[in-house]
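Colleague: Numbering (our numbering), first residue to last: 889 to 952.
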């Protein structure tokens, strides 16, 4: 894709340019959020409420 065709497609009209910026930011934000949440869940497996909740509901806690 040459610069001329990119210019005609995106940069020529300001509304299309701003729209593509917003769309790119939305896609990046969603992808980044999903990736970070997956990393966080994997890194803290067994420490999160979703993991501990099952043990507490069934009474599988250790008494001191």
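Ideal Cβ placement from N, Cα and C applies to all residues, glycine included.
Predicted model, so just to flag it, every value in this text is computed and none were measured.
Does the distance from the C-beta atom of residue 898 to that of residue 890 stay below 8 Å?
Modeller: No.
Colleague: In terms of residues, what are the limits of the alpha helix (DSSP H) holding residue 964?
Modeller: Residue 964 cannot be examined here, being either before or after the span of the chain that is shown, 889 to 952.
Colleague: Cα separation between residue 920 and residue 910?
Modeller: Near 15 Å, if we compare the C-alpha coordinates of residue 910 and residue 920.
Colleague: Whole angstroms are fine: how far does the CA of residue 912 sit from the CA of residue 893?
Modeller: When rounded, the distance between both Cα atoms is 19 Å.
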